[in-house]
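Trainee:
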Amino acid sequence: MLVYPKIKTRLPGPKSKRIIKQDEKYVSPSYTRTHPVVIDRGEGAALWDVDGNRFLDFHSGIGVTSTGNVHPRVVAAAVRQMKRAMHVATADFYHQPVADLAKKVTSIAPGKGPKRVFFTNSGTEAVEAAFKLARYIRRRPRTIAFINAFHGRTMGSLSLTCSKQTQRKRFAPLVPEATHVPYAYCYRCPYNLSFPSCNFHCVQVIEDVYLDKVAPADEVAALIVEPIQGEGGYVVPPPGYHQRLKKMCEKNDILFIADEVQSGMGKTGKMFAIEHWDTTPDIIATAKALGSGLPIGAAIASSKLMSWDRGAHSTTFGGNPVACAAALETIKLLENGLMKNAERVGKVMMEELTRMMHRHDIIGDVRGKGLMIGAEIVRDKKSRKPAPDWADEIMMEAFRRGLMLLTAGPNTLRIVPPLIISEDQAMAGLSILEKSITAVESRKKK
Ligand SMILES: Cc1ncc(COP(=O)(O)O)c(C=O)c1O
Numbered sequence: 000m001l002v003y004p005k006i007k008t009r010l011p012g013p014k015s016k017r018i019i020k021q022d023e024k025y026v027s028p029s030y031t032r033t034h035p036v037v038i039d040r041g042e043g044a045a046l047w048d049v050d051g052n053r054f055l056d057f058h059s060g061i062g063v064t065s066t067g068n069v070h071p072r073v074v075a076a077a078v079r080q081m082k083r084a085m086h087v088a089t090a091d092f093y094h095q096p097v098a099d100l101a102k103k104v105t106s107i108a109p110g111k112g113p114k115r116v117f118f119t120n121s122g123t124e125a126v127e128a129a130f131k132l133a134r135y136i137r138r139r140p141r142t143i144a145f146i147n148a149f150h151g152r153t154m155g156s157l158s159l160t161c162s163k164q165t166q167r168k169r170f171a172p173l174v175p176e177a178t179h180v181p182y183a184y185c186y187r188c189p190y191n192l193s194f195p196s197c198n199f200h201c202v203q204v205i206e207d208v209y210l211d212k213v214a215p216a217d218e219v220a221a222l223i224v225e226p227i228q229g230e231g232g233y234v235v236p237p238p239g240y241h242q243r244l245k246k247m248c249e250k251n252d253i254l255f256i257a258d259e260v261q262s263g264m265g266k267t268g269k270m271f272a273i274e275h276w277d278t279t280p281d282i283i284a285t286a287k288a289l290g291s292g293l294p295i296g297a298a299i300a301s302s303k304l305m306s307w308d309r310g311a312h313s314t315t316f317g318g319n320p321v322a323c324a325a326a327l328e329t330i331k332l333l334e335n336g337l338m339k340n341a342e343r344v345g346k347v348m349m350e351e352l353t354r355m356m357h358r359h360d361i362i363g364d365v366r367g368k369g370l371m372i373g374a375e376i377v378r379d380k381k382s383r384k385p386a387p388d389w390a391d392e393i394m395m396e397a398f399r400r401g402l403m404l405l406t407a408g409p410n411t412l413r414i415v416p417p418l419i420i421s422e423d424q425a426m427a428g429l430s431i432l433e434k435s436i437t438a439v440e441s442r443k444k445k
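The end of the sequence shown is residue 445 by numbering that gives the first Met the number 0, with every number in the run present.
#1: Can you list, in chain order, the residues of its chain whose CB lies under 6 Å from that of Gly12, leaving out five sequence neighbours each side?
#2: At a cut-off of 7 Å, would you count Thr123 as near ligand 1, judging by its Cβ distance to the nearest heavy atom?
#3: What residue ranges within the stretch 307–343 form continuous beta strand (DSSP E) runs of no fewer than 3 residues, ordered along the chain?
#4: Cα separation between Phe376 and His359?
#5: Going straight from the alpha carbon of Lys111 to that of Gly151, what length do you get?
#6: So Phe118 and Ala297 are in contact, right, with Cβ under 8 Å, and what is the actual spacing, rounded?
#7: Taking 7 Å as the cut-off, is the beta-carbon of Glu230 closer than that to any non-hydrogen atom of ligand 1?
#8: Evaluate Thr329 with the Cβ neighbour count: other Cβ atoms within 10 Å of its Cβ, from every protein chain shown; 16 or more gives buried, anything less gives exposed.
#9: Can you check which of these residues, Gly265, Ala128, Leu412, is closest to Ile361 by C-alpha distance?
#10: Where does Gln228 land, buried or exposed, given buried means 16+ other C-beta within 10 angstroms?
#11: Is Ala286 near ligand 1, judged by its Cβ being under 7 Å from some heavy atom?
#12: Is any heavy atom of ligand 1 found at a distance shorter than 7 Å from the C-beta of His359?
#13: Check whether the Cβ of Val260 sits closer than 7 Å to any heavy atom of ligand 1, and report yes or no.
#14: Count the other CB atoms within 10 Å of the CB of Thr105; is the residue buried (16 or more) or exposed (fewer)?
#15: What does Ile19 pair with, by DSSP beta-bridge criteria?
#16: Excluding the five sequence neighbours on either side, which residues of its own chain have a C-beta within less than 7 Å of the C-beta of Thr279, listed in chain order?
#17: Have a look at Gly435 and Ile414 and give me their C-alpha separation to the nearest angstrom.
#18: So, are the CB atoms of Pro417 and Ala425 less than 8 Å apart?
#19: Quick check on Lys287: buried or exposed, where buried means 16 or more other Cβ atoms within 10 Å of its Cβ?
#20: Any idea what DSSP makes of Phe271, helix, strand or coil?
#21: Could you give the distance in angstroms between the alpha-carbon of Val235 and the alpha-carbon of Thr89?
#22: For the beta strand (DSSP E) containing Leu412, name the first residue and the last one.
#23: Check whether the Cβ atoms of Val36 and Ala125 sit closer than 8 Å, and answer yes or no.
#24: Say yes only if the C-beta of Gly151 is nearer than 7 Å to one or more non-hydrogen atoms of ligand 1, and no if none qualify.
#25: Taking 7 Å as the cut-off, is the beta-carbon of Glu225 closer than that to any non-hydrogen atom of ligand 1?
#26: Less than 6 Å between C-beta atoms, sequence neighbours within five positions excluded: which residues of the same chain meet that for Val116?
#27: Okay, do the stretch 302–319 and the stretch 64–78 touch, 3+ Cβ pairs below 8 Å being the bar?
#28: Taking the CB atoms as reference points, tell me whether Asp277 and Glu225 lie closer together than 8 Å.
#29: Got a sec: does ligand 1 put a non-hydrogen atom nearer than 7 Å to the Cβ of Ile61?
#30: Using a Cβ-Cβ cutoff of less than 7 Å, which residues in the same chain neighbour Lys380 once the five nearest sequence positions on both sides are dropped?
#31: Run through the DSSP bridge pairs and tell me what Ile393 is partnered with.
#32: Looking only at its own chain, which residues have a Cβ that is under 7 Å from the Cβ of Ala326, when we skip the five neighbours before and after it?
#33: Near Phe149, what residues of its chain come up, given a Cβ to Cβ distance below 7 Å and the 5 sequence neighbours on each side ignored?
#34: According to DSSP, is Gly345 helix, strand or coil?
#35: Going by CA-CA distance only, name the one from Arg354, Phe199, Thr66, Thr142 that's closest to Ala44.
#36: Between Cys185 and Pro237, which are expected to be in contact by the criterion C-beta below 8 Å, what is the C-beta distance as a whole number of angstroms?
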């Protein structure tokens with residue numbers, strides 16, 4: 000097991016530099032590109048760049064490589080299928096992998112009774128499918144989404160996204176009638192209250208104000224929510240929150256869509272994060288980790304709900320047989336140990352990060368479930384003033400020391416390793432992270 004990173008060159012190394020130069024000439028400059036490095040290959044929780052530097056992976060390709068980089072069983076399943084058929088138009092023909100994956104995915108999704116699934120190639124398409132299905136079935140024009148939510152970048156999903164300004168700027172007009180309401184971000188409560196004495200004031204306001212005056216309830220098709228906000232800063236709502244939201248939706252005949260594109264597929268220690276709140280969504284959108292790296296997404300609903308007419312929604316690539324084979328093997332691996340590992344190693348990491356928070360004044364909050372963990376960086380604990388520049392610097396310090404991680408929201412360090420990570424690797428990564436925090440903290444607090 001490769002525990003420690005090995006950095007042999009200055010970063011980026013000479014080969015990386017050459018490829019980056021070529022890339023910058025021809026590839027769209029709109030990608031965010033946080034790390035100046037050219038990835039060559041991966042194995043488990045380790046990544047190599049083209050210059051032979053080895054990194055520890057707390058990034059997992061933005062929460063995608065759930066079973067680790069190139070898990071041999073996932074690769075074998077994909078290759079087996081690739082030799083039979085790389086593409087079957089799921090829109091027009093039937094095939095075994097899609098039928099098998101549909102059976103499996105609908106059986107693991109929360110909720111009793113028969114379910115159906117629409118397969119896509121990405122998270123944003125899974126959200127589009129959920130969004131369109133809700134409108135189609137309910138025949139109502141409005142949707143409730145949340146401030147700081149991220150649901151994707153195609154026009155429908157983007158209308159529901161409310162994360163960074165740059166994601167929406169100059170793309171208006173978007174799909175109309177999406178109303179964004181405050182999320183249960185307890186560390187920075189939008190109403191300046193504390194849990195539990197707030198008695199879910201943030202949910203009550205949705206019902207009393209928004210569904211009354213802004214978006215009349217009988218015009219709202221769906222509420223879409225990330226069980227744990229991802230791009231918004233790895234924000235974990237308090238116990239009871241989603242139950243309350245669901246109850247409010249039921250009362251007003253509004254569909255509850257859980258966007259599990261980031262939080263789904265075992266990384267929180269449960270297959271879907273919403274299960275931590277014992278809530279059954281009407282529609283679930285998932286993607287990212289479902290295929291361990293092969294592009295696949297899914298919108299899942301009860302068979303009764305997913306009853307749109309032939310041709311109402313379809314796709315050329317969605318349900319690709321190779322991606323389906325990879326996803327089936329991924330789910331087997333998650334069920335046979337990796338989800339448990341996420342729960343176990345995640346707990347150890349949370350404990351260590353909480354100790355780190357007590358040692359460092361610039362870590363304001365540590366939160367998460369399983370291996371979906373955020374550490375919010377602030378100027379100091381007392382003021383809680385967000386320190387986005389310091390969070391970015393910590394990310395880059397860690398990178399130079401061989402640890403790949405991202406930020407989420409303006410100022411949260413995002414820790415989302417592959418579920419196959421060992422406790423030794425996790426602790427080695429956290430030790431690098433602490434050195435990086437110490438370096439930035441001592442520079443800034445001088
Ligand atoms: C919660 C959530 N929904 C949707 C998306 C969009 O997924 P994709 O980038 O695959 O289109 C993301 C991506 O980060 C996400 O985190």
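Where a beta carbon is used, it is the ideal one built from N, C-alpha and C, also for glycine. Bear in mind the structure is a predicted one, so any value in this text is a computation, not a measurement.
Mentor: If we stick to the structure as given:
#1: Mapped onto the sequence shown, residue 12 falls at position 13. These residues qualify, in order along the chain: Asp50.
#2: The residue you call residue 123 lines up with position 124 of the sequence shown. Because some heavy atom of ligand 1 lies under 7 Å away, the Cβ of Thr123 counts as near it: yes.
#3: none
#4: Within the sequence shown, residue 376 is the residue found at index 377, counting from 1. Within the sequence shown, residue 359 is the residue found at index 360, counting from 1. Strictly speaking, residue 376 in this sequence is Ile, with Phe absent from that position. Rounded to whole angstroms, Ile376 to His359 spans 10 Å at the Cα level.
#5: Against the sequence shown, residue 111 aligns to sequence position 112. Against the sequence shown, residue 151 aligns to sequence position 152. Looking at the two C-alpha atoms, the distance is approximately 29 Å.
#6: Mapped onto the sequence shown, residue 118 falls at position 119. Mapped onto the sequence shown, residue 297 falls at position 298. About 5 Å; that satisfies the 8 Å criterion.
#7: Here residue 230 corresponds to residue number 231 of the sequence shown, with the count starting at 1. Because some heavy atom of ligand 1 lies under 7 Å away, the Cβ of Glu230 counts as near it: yes.
#8: Your numbering for residue 329 matches position 330 in the sequence shown. Buried: at least 16 other Cβ atoms inside 10 Å.
#9: By 1-based counting over the sequence shown, the position of residue 361 is 362. Considering only alpha carbons, the answer is Leu412.
#10: Translated into the one-based positions of the sequence shown, residue 228 becomes position 229. The residue is buried, with at least 16 neighbouring Cβ atoms inside 10 Å.
#11: Here residue 286 is taken as the residue at index 287 of the sequence shown, counted from 1. Result yes, Cβ under 7 Å from ligand 1.
#12: Numbered from its first residue, the sequence shown carries residue 359 at position 360. Not under cutoff, so the answer is no.
#13: Translated into positions along the sequence shown, residue 260 becomes position 261. Val260: yes, Cβ under 7 Å from ligand 1.
#14: Within the sequence shown, the letter at position 106 stands for residue 105. Thr105 is buried by the Cβ-count criterion.
#15: Counted from its first residue, the sequence shown places residue 19 at position 20. Looking at the DSSP assignment, Ile19 forms no beta bridge with any residue, so it has no partner.
#16: Your numbering for residue 279 matches position 280 in the sequence shown. Excluding sequence neighbours, Thr279 sits near Pro109, Gly110.
#17: Taking the sequence shown and counting its residues from 1, one reaches residue 435 at position 436. Taking the sequence shown and counting its residues from 1, one reaches residue 414 at position 415. The displayed chain sequence assigns Ser, not Gly, to residue 435. Cα to Cα, the separation comes out at about 14 Å.
#18: On the sequence shown, position 418 is the one that residue 417 refers to. On the sequence shown, position 426 is the one that residue 425 refers to. Result no, Cβ atoms of Pro417 and Ala425 do not sit closer than 8 Å.
#19: Counting from one through the sequence shown, the residue named residue 287 turns up at place 288. Lys287 should be labelled buried.
#20: Within the sequence shown, numbered from 1, the residue matching residue 271 stands at position 272. Of the three classes helix, strand and coil, the one that applies to Phe271 here is coil, per DSSP.
#21: Your numbering for residue 235 matches position 236 in the sequence shown. Your numbering for residue 89 matches position 90 in the sequence shown. Near 37 Å, if we compare the C-alpha coordinates of Thr89 and Val235.
#22: Counting from 1 along the sequence shown, the entry for residue 412 is found at position 413. From DSSP, the beta strand (DSSP E) with Leu412 extends over 411–414.
#23: Taking the first residue of the sequence shown as 1, we reach residue 36 at position 37. Taking the first residue of the sequence shown as 1, we reach residue 125 at position 126. No, the pair does not count as a contact, with Cβ atoms beyond the cut-off.
#24: Position 152 of the sequence shown, counting from 1, holds the residue named residue 151. Flag set: Cβ of Gly151 near ligand 1.
#25: Start at 1 with the first residue of the sequence shown, and residue 225 comes out as number 226. Yes, Cβ of Glu225 sits closer than 7 Å to a heavy atom of ligand 1.
#26: Mapped onto the sequence shown, residue 116 falls at position 117. Contacts found: Ala101, Val104, Thr105, Ala297, Ile299.
#27: no
#28: For the purposes of this step, residue 277 is taken as the residue at position 278 of the sequence shown. For the purposes of this step, residue 225 is taken as the residue at position 226 of the sequence shown. Cβ distance not < 8 Å, so Asp277 and Glu225 don't count as in contact.
#29: Start at 1 with the first residue of the sequence shown, and residue 61 comes out as number 62. Yes, since a heavy atom of ligand 1 falls inside the 7 Å radius drawn around the Cβ of Ile61.
#30: Looking up residue 380 in the sequence shown gives position 381. These residues qualify, in order along the chain: Asp360, Gly363.
#31: What you label residue 393 is simply residue 394 of the sequence shown in a count that begins at 1. Paired residues: none, contrary to the question.
#32: Within the sequence shown, the letter at position 327 stands for residue 326. Same-chain partners within the cutoff: Leu100, Leu289, Gly290, Ile295.
#33: Taking the first residue of the sequence shown as 1, we reach residue 149 at position 150. So the list reads Thr160, Ser162, Gly229, Glu230, Gly231, once near-sequence residues are dropped.
#34: As a working mapping, residue 345 is identified with position 346 in the sequence shown. The answer is helix: DSSP assigns Gly345 an H, G or I state.
#35: The residue you call residue 44 lines up with position 45 of the sequence shown. Per the Cα distances, Thr66.
#36: Start at 1 with the first residue of the sequence shown, and residue 185 comes out as number 186. Start at 1 with the first residue of the sequence shown, and residue 237 comes out as number 238. About 6 Å separates the beta carbons of Cys185 and Pro237, which is inside the 8 Å limit, making them a contact pair.
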